[in-house]
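Scroll down for the structure; my scribbles are underneath it.
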Amino acid sequence: MEHEYPFIPYRPERYGQEETIRRGEEFYALVNRRRSVRFFSDEPVPYRCVELAVRAANTAPSGAHQQPWTFVAIGDAETKRRVREAAEEEERRNYEGGRLPPEWREAIAPLGTTSDKAYLEVVPWLVVCFAQKYGVRPDGRKVKHYYVNESVGIACGLFVTALHAMGLSTLTHTPNPMAFLTEICGRPASERPYILFPVGHAAPDAVVPDLARKPLEDTLVRFPG
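Take the sequence shown: its position 97, counted from the start at 1, is 96 in numbering that gives the first Met the number 0, and no numbers get skipped.
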């Protein structure tokens, strides 16, 4: 059977048991400090940091290795203003217009979120991840993409983790609907907005909800026990 891609040897690093566990504990300690942030500094962040985070996202596994995502980085004030205004308009319909169902409003109430998204103009970068619903060949023919949501979700997780590893903060903002991002960013019909990430440093006086993550016994089952 012939393959489109040549196969090459893969020999990942292997460590002794103690070193393997130590590395796992070190990584957990790093990511356990990550929090979603809604209070940002306007301190500049090099574009190189965005590039590196997207490079990390590009290492994500994806269905048929199609990598069905596009990241759009926005750094100019005028476009950030347009994004904020459009996002707040949709959010007002959600919060004040009654579009959010009661169960959802109850679930997010402890987080203190509102339709005010001023941070979208404060941060140095807005990065929008678009999911590619299908690919387009040079001759215009469509290419079916597989496991798009799963693939893009993993890529976004790596993007968030890479930002945290660099000492940066972000938030997975998903105003609904998000079609305005397609128009503002000039993306094709083959893509749909997936997540809007404000990217920057947390403000010196930033606060976050005092939340506790689920204990391991609530999220891991050893089978058979």
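Here a beta-carbon is modelled for each residue, glycine too, at the ideal position from N, C-alpha and C.
Residue i, buried or exposed, once every other Cβ within 10 Å from all chains shown has been counted against 16
i    : result
Q16  : exposed
F158 : buried
A56  : buried
H64  : exposed
F39  : buried
L29  : exposed
R140 : exposed
P11  : exposed
R83  : buried
P137 : exposed
A154 : buried
P223 : exposed
F192 : This sequence places Pro at residue 192; Phe is not what is there. That one is buried.
Chain-order list of residues whose beta-carbon lies under 7 Å from that of residue i (same chain, five-residue window excluded)
i    : result
P67  : S61, A130, Q131, H144, V147, S150 and V151
R98  : R92
T58  : L157
Y133 : K141, V142, K143, H144 and S189
K79  : I73, L119, E120 and L125
Nearest-angstrom beta carbon gap, residue j and residue i [assumed within contact, 8 Å]
i    : j    : result
A72  : L119 : About 14 Å; that fails the 8 Å criterion.
C184 : V122 : Not really, about 16 Å apart at Cβ, beyond 8 Å.
I194 : T160 : 14 Å between Cβ atoms; not a contact.
A205 : V36  : 6 Å
P109 : P208 : 6 Å
Sequence-distant residues of the same chain with beta carbon closer than 8 Å to residue i, five excluded per side
i    : result
D41  : V121, V122, P123 and G199
T69  : C128, F129, Q131, R186 and E190
R212 : N31
P135 : The sequence given here places Val at residue 135; Pro does not occur at that position. Once the five neighbours on either side are set aside, the close Cβ partners of V135 are K141, V142, P187 and S189.
Sequence-distant residues of the same chain with beta carbon closer than 6 Å to residue i, five excluded per side
i    : result
H255 : For residue 255 there is no data in the structure shown, the boundaries of the chain being 0 and 224.
R81  : I183
G74  : W124
L215 : none
A52  : F158, A161 and L162
C48  : M165
Going residue by residue through the segment 78-117, where are the continuous alpha helix (DSSP H) segments of at least 4 residues, counting only ones entirely within it? 101-107
With a threshold of 8 Å, are at least 3 pairs of Cβ atoms found where one atom belongs to the segment 195-204 and the other to the segment 169-177? yes
Let me know the alpha helix (DSSP H) ranges lying completely inside the segment 34-59, each 4 residues or longer, listed in chain order. 46-56
Let me know the beta strand (DSSP E) ranges lying completely inside the segment 116-180, each 3 residues or longer, listed in chain order. 124-131, 133-135 and 141-143
Pairing CB atoms from the segment 114-125 with CB atoms from the segment 90-104, are three or more of them under 8 Å? yes
Quick check: the segment 176-184 against the segment 20-34, are there 3 or more CB pairs under 8 Å? no
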